[in-house]
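See below for the structure under consideration.
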Amino acid sequence: MNHEYDPGYGLEPFRALCAEHPDESIYPRDAFRVEWGPIFHRGRLDGSARLLVIGQDPAAHESVLRRILVGEAGQRAQGFLARLGITRSYVMINTFLYSVYGQKGGEAHKADTGIIAYRNRWIDALVLNRSIEAVVTFGGLAADAWKKWKSTPNGKTVSLPLAEMLHPTFPESASGSNTTKLAQNTKRLLANWNQGLELLHAAIQHPDETKDVVPYGEAFQPGDLSEIPEFDVPAGIPPWMRGLEAWAARTGLTPAEKRRTITITIPSS
Ligand code: URA
Numbered sequence: 004m005n006h007e008y009d010p011g012y013g014l015e016p017f018r019a020l021c022a023e024h025p026d027e028s029i030y031p032r033d034a035f036r037v038e039w040g041p042i043f044h045r046g047r048l049d050g051s052a053r054l055l056v057i058g059q060d061p062a063a064h065e066s067v068l069r070r071i072l073v074g075e076a077g078q079r080a081q082g083f084l085a086r087l088g089i090t091r092s093y094v095m096i097n098t099f100l101y102s103v104y105g106q107k108g109g110e111a112h113k114a115d116t117g118i119i120a121y122r123n124r125w126i127d128a129l130v131l132n133r134s135i136e137a138v139v140t141f142g143g144l145a146a147d148a149w150k151k152w153k154s155t156p157n158g159k160t161v162s163l164p165l166a167e168m169l170h171p172t173f174p175e176s177a178s179g180s181n182t183t184k185l186a187q188n189t190k191r192l193l194a195n196w197n198q199g200l201e202l203l204h205a206a207i208q209h210p211d212e213t214k215d216v217v218p219y220g221e222a223f224q225p226g227d228l229s230e231i232p233e234f235d236v237p238a239g240i241p242p243w244m245r246g247l248e249a250w251a252a253r254t255g256l257t258p259a260e261k262r263r264t265i266t267i268t269i270p271s272s
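Heads up, my numbering is the position in the sequence shown plus 3, with the first residue counted as 1.
Spelled out as structure tokens, the structure:
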């Protein structure tokens, strides 16, 4: 059997972007889990992407797999792209290279010039003279990241349709453990995503598959999440790490222990 894995960061300017990634002098240790390293992207870096997706920050699954949006949030996002017929021609970056730590959730660092300058180099590389036809931002910090790039001299030369969408895990983060609220917030998320589907369906001229828009219902259904494709992950990653069952969790009895521990459990199935 032949496996197609992600080729990594050999192409310029991505090779240089990885080599020059910001460290904890730019991403302070009290607000970011810098000890897990920077996690750069997921998707096509060869210029074939039609859709740019901006997420927020990597979590536990991403810290192990070294590609962004691969856990539940990523599988929801992947399912959203599938509804648009975008099964390959996408590229994703996060607002932050490192996982956010603490209550402030990244808000306190959204105007940090070092963080913005490096992220803008990535957006330049992905958008200028490339084939991107539309942009999706997941959550308020991602929308802010796109606006910050748009206000640069390079950003001002580009006009792309933008879908500002709620973050895939907005329902969970906005609902605590209240199941009624969770249902209401999921309904709100999916209504917002349905608007995004309409906008992007009209904007994307070259989807991988031509599809009619099928809107979401009021709650996520099992088929609404999609597995992460093998061609998006580093060589040798086993299939269960791309599958729909969670396999990584931060564990520990104290905040310090939890910060330095990710427990990996292979799903029994
Ligand atoms: N994982 C990511 O990489 N980004 C998000 O926005 C959420 C989870």
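Glycine included, every Cβ here is placed at the ideal spot set by N, Cα and C.
Give a single yes or no on whether A76 has its beta carbon closer than 7 Å to a heavy atom of ligand 1.
-> Mapped onto the sequence shown, residue 76 falls at position 73. For ligand 1, at least one heavy atom lies less than 7 Å from the Cβ of A76.
Can you list, in chain order, the stretches of the beta strand (DSSP E) that have 3 or more residues and sit fully within the region 63-151?
-> 93-97 and 137-141
Could you tell me which of I29, Q187 and E136 sits nearest to S176, measuring between CA atoms?
-> As a first step, residue 176 must be located in the sequence shown, where it is residue number 173. That would be Q187, whose Cα lies nearest to the Cα of S176.
Compare the Cα-Cα distances from T98 to each of L163, E212, E7 and G117 and report the closest residue.
-> If you number the sequence shown from 1, residue 98 lands on position 95. T98 has its Cα closest to that of G117, out of L163, E212, E7 and G117.
Of the residues G109, I269, R36 and E15, the one placed nearest L48, counting alpha carbons only = Here residue 48 corresponds to residue number 45 of the sequence shown, with the count starting at 1. L48 has its Cα closest to that of E15, out of G109, I269, R36 and E15.
Sheet register partners of G11 (DSSP bridge) | The residue you call residue 11 lines up with position 8 of the sequence shown. The partner list for G11 (beta bridge, DSSP) is empty, contrary to what the question assumes.
Out of curiosity, what's the CA-to-CA distance linking A80 and E7?
-> Counting from 1 along the sequence shown, the entry for residue 80 is found at position 77. Counting from 1 along the sequence shown, the entry for residue 7 is found at position 4. Their backbone Cα atoms lie some 21 Å apart in a straight line.
Would you decide whether P218 is buried or exposed? Buried here means 16 or more other CB atoms lie within 10 Å of its CB.
-> In the sequence shown, the residue the question calls residue 218 occupies position 215. Under this definition P218 is an exposed residue.
What's the call for A137, buried or exposed, on a 16-neighbour Cβ count within 10 Å?
-> Here residue 137 refers to the residue found at position 134 when the sequence shown is read from its first residue. Result: buried.
Nearest-angstrom Cα separation, counted from A19 out to P174 | Here residue 174 corresponds to residue number 171 of the sequence shown, with the count starting at 1. Here residue 19 corresponds to residue number 16 of the sequence shown, with the count starting at 1. Looking at the two C-alpha atoms, the distance is approximately 37 Å.
Compare the Cα-Cα distances from Q208 to each of G46, L68 and G88 and report the closest residue.
-> As a working note, residue 208 is residue 205 in the sequence shown. Checked all of G46, L68 and G88; the closest Cα to Q208 is G88.
Whole-number beta carbon distance between D60 and K113, since they are thought to touch under 8 Å | Indexing the sequence shown from 1 puts residue 113 at position 110. Indexing the sequence shown from 1 puts residue 60 at position 57. Contact doesn't hold; Cβ gap of about 11 Å is too wide.
H204 - DSSP class collapsed to helix/strand/coil | Your numbering for residue 204 matches position 201 in the sequence shown. Here H204 sits in helix by DSSP.
Reducing DSSP to helix, strand and coil, say where V216 ends up.
-> Within the sequence shown, the letter at position 213 stands for residue 216. Three-state DSSP puts V216 in coil, outside helix and strand.
Spell out the partners DSSP gives H44 in its beta bridges.
-> Taking the first residue of the sequence shown as 1, we reach residue 44 at position 41. According to DSSP, H44 bridges with I96.
For T264, name the three-state secondary structure that DSSP assigns.
-> Within the sequence shown, the letter at position 261 stands for residue 264. Looking at T264 - three-state DSSP - the assignment turns out to be coil, as it is neither helix nor strand.
Kindly examine ligand 1 and report whether one of its heavy atoms sits closer than 7 Å to the Cβ of Q59.
-> Reading the sequence shown from its first residue, position 56 is the one you call residue 59. Indeed, a heavy atom of ligand 1 lies less than 7 Å from the Cβ.
Note the first and the last residue of the continuous alpha helix (DSSP H) segment covering A34.
-> Within the sequence shown, residue 34 is the residue found at index 31, counting from 1. Here A34 belongs to no alpha helix (DSSP H), and DSSP marks it neither H nor E.
Cβ pair count under 8 Å reaching 3, the region 64-81 against the region 125-133 = no
At which residues does the alpha helix (DSSP H) containing R18 begin and terminate?
-> Taking the sequence shown and counting its residues from 1, the one referred to as residue 18 is at position 15. R18 -> alpha helix (DSSP H) spans F17 to A22.
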